[in-house]
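Throughout, my numbering is defined as the position within the sequence shown, counted from one, plus 1134. Just so it is clear, CB atoms sit at the ideal spot from N, CA and C, and this is done for glycine as well. Just so we're clear, the structure is a prediction, and the values are computed from it rather than from any experiment. Below is one structure, written out as structure tokens; comments come after it.
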Amino acid sequence: MTTSPTTNPMTKEMAVPAMTIGGRSVQGAGRFEVIDPATGRVIAQAPDASGEQLDAAVRAAREALPAWAARPRRERQGLLAEVAGVYMANQEELARLLTKEQGKPLARARSEVAVAAHWYAEFAKMELPELVLQDTPQAYVAVRRVPVGVVGAMVPWNFPVVLAAWKIAPGLLTGNTMVLKPSPFTPLTTLRLGELLQAVLPPGVLNIVSGGEALGPRMSAHAGFDKLSFTGSSATGRAVMRSASGTLKRLTLELGGNDAAIVMPDVDVDAVAKALFWGAFVNSGQICIAAKRIYIHEAIYWRMAQAFVALAASTRMGPGDAEGVELGPVQNRRQFDRLRELLADCQQRGLRLLCGGEPVPGPGLFFPVTLVDNPPDDARIVREEPFGPILPLLKFRDVDEVIARANDSEFGLAGSVWCRDEALALGIARRLETGTVWINEIQTASPHKPMAGHKQSGLGVENGLEGLMSYTQPQTISLKRAG
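Here it is as structure tokens:
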């Protein structure tokens, strides 16, 4: 029976949604705690799938695959459009649940649910036409796209709703079936979505299982998956790739980033400072495509640094469900401790902080917006991905210098260029070693724009036609006609 995530006044814990396996609600073999990062309190005991339950989910997906793959694409498109409607019909419930487990401000949670709905609606319009290479009296040759099969999808804790949509929408549209695992830090909203979608999708087409840290490795090594789609850190992505190699699974890995923003001296300082402040600190900096190194031309460095400090001072941080809050807590203790470690390294090196610093004492994981003044390029805060509200501001003098410094990274996910001279901006963008470069904008992701990580930032493509095709395999049909 489907349960709604309401609060039990006796326990102060939520009644947790069940897993979805084969179109049915299934309780876990065990339980694990879900913690509200704003209070440090346990808010729920989520279902912990056993190995046998994972096997059952994979089996359900395999059994559903032939009928789903054979279903006309138009029907699959129509069902994706219905999924979008389910998200929006339940937007408020989902957003409040998301804020409770992830910590982000409620307005941002509502937006995430709406953006996910948009992804389904837009993918529902996409086509994969058959490519005819030859059609003559002698021969007919065509290339069609066929499903990969059963997909295992693993979603992180920073944007659990929208990043699941990035996988579910193209995976299901192209005729695959799926087993999806949310992060153990943020399983609740995804589990609830699984229950809601049981009324829309045929049994076994989308299975959702949750679990602790053992479940991910079980999925990546499971012989029943034909493809894995993983979003998370580069270190974990490498582990997934090693596990997947035993059965030659197809892979999409969207991994870490250390995105550089380059700000030229001709910009409107206040306008660009505001755009980049949110480009760095939205979701409290917990976003793979956040600006994580901001290179500012020396002619405007201090003006822009002061604008950043002013924005930090005027931005309210607190629990996501509190009125007027724009920045929430860091989502989990592990990430919070990593940020404290990076801060300690800055302090030990004697680096100057323009604002921020020590976290506010208390049970909530609140890390203040912290700006590091022009650290050396070998500092950890420059070399590593913080994934939180701490940011280095760096001076530069000329274009060749800043391009070399921006490219001197193992990561290559995205970057941005801020410059009124369009030709100069395009010239800089084309020299950056990243999968995406924004010019005078940031984080304008779209269902129609492919996103691919270069270097250690990933393997494969998400979104756009290329991302859609990554859930398919080419099949060449070659017919010799009777002469």
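Is lysine 1583 helix, strand or coil by DSSP? coil
7 Å Cβ cutoff, alanine 1243 in contact with chain D: Absent from the structure is chain D; it holds one protein chain and no more.
Would proline 1304 be called buried (16 or more neighbouring beta carbons within 10 Å of its own) or exposed? buried
Beta-carbon spacing of aspartate 1170, lysine 1234 below 7 Å: yes
Within 10 Å of its beta-carbon, does isoleucine 1434 have 16 or more other beta-carbons around it, so buried, or fewer, so exposed? buried
Run the CB neighbour count on glutamate 1329, radius 10 Å, all protein chains shown included, and call it buried at 16 or more, exposed below. buried
Under the three-state reduction of DSSP, which class applies to histidine 1356: helix, strand or coil? coil
Just to confirm the assignment: which complete alpha helix (DSSP H) runs, minimum length 4, are found wholly within the segment 1319-1350? 1322-1331
Within 10 Å of its beta-carbon, does leucine 1527 have 16 or more other beta-carbons around it, so buried, or fewer, so exposed? buried
If I'm right that leucine 1593 touches leucine 1306 with Cβ under 8 Å, what's the distance once you round it to whole angstroms? Not really, about 22 Å apart at Cβ, beyond 8 Å.
What are the boundary residues of the alpha helix (DSSP H) that alanine 1172 is part of? Looking at the DSSP string, alanine 1172 is not in any alpha helix (DSSP H), and its letter there is neither H nor E.
Per DSSP, cross-strand counterpart(s) of arginine 1427: Ala1394
Inter-residue CB distance, valine 1516 and leucine 1488 (contact presumed, cutoff 8 Å): About 15 Å separates the two Cβ atoms, so there is no contact after all.
Please report the straight-line C-alpha distance between arginine 1210 and asparagine 1597, rounded to a whole angstrom. 18 Å
Please state whether DSSP places cysteine 1480 in a helix, a strand or coil. helix
Reducing DSSP to helix, strand and coil, say where proline 1294 ends up. helix
Is the distance from the Cβ of alanine 1215 to the Cβ of alanine 1258 below 7 Å? yes
Lysine 1589 bridges to which residues according to DSSP? Phe1545
Out of Ile1562, Phe1500 and Arg1486, point me to the one whose CA is closest to methionine 1398's CA. Ile1562
Rounded to the nearest angstrom, how far is the Cβ of glycine 1237 from that of glycine 1569, given a contact under 8 Å? Actually they are not in contact, since the Cβ atoms of glycine 1237 and glycine 1569 sit about 28 Å apart, beyond 8 Å.
Quick one: give me the first and last residue of the beta strand (DSSP E) that leucine 1528 is part of. 1524-1530
CA nearest to the CA of isoleucine 1423, picked from Gln1440, Thr1370 and Trp1412: Trp1412
Methionine 1104 by DSSP, collapsed to three states: which one? Outside the shown range of the chain (1135 to 1617) lies residue 1104, about which nothing can therefore be said.
Nearest-angstrom beta carbon gap, asparagine 1310 and glycine 1283 [assumed within contact, 8 Å]: 6 Å
If we call anything under 7 Å between Cβ atoms a contact, is valine 1220 one with valine 1296? no
When the Cα of glycine 1546 is compared with those of Cys1553, Arg1565 and Arg1531, which residue comes out closest? Arg1565
Any 3 or more C-beta pairs closer than 8 Å across the segment 1332-1349 and the segment 1172-1183: yes
Give me the Cα-Cα distance between glycine 1391 and glutamate 1519, rounded to the nearest whole angstrom. 6 Å
Beta-bridge pairing of cysteine 1489 - partner residues as DSSP gives them: Leu1505
Applying the 10 Å Cβ sphere with the 16-neighbour rule, what's the burial state of aspartate 1393? buried
Taking the beta strand (DSSP E) that phenylalanine 1500 belongs to, which residues open and close that run? Premise fails: phenylalanine 1500 is in no beta strand (DSSP E) and is neither H nor E.
How many angstroms separate the CA atom of isoleucine 1573 from the CA atom of histidine 1582? 18 Å
Given proline 1509 as reference, the closest of Leu1558, Phe1530 and Pro1523 once Cα atoms are compared: Phe1530
Looking at the structure shown, is phenylalanine 1521 part of a helix, part of a strand, or coil, going by DSSP? coil
Would a C-beta distance cut-off of 7 Å place leucine 1476 and arginine 1427 closer than the cut-off? no
Could you compute how far the alpha carbon of tryptophan 1300 sits from the alpha carbon of leucine 1232? 17 Å
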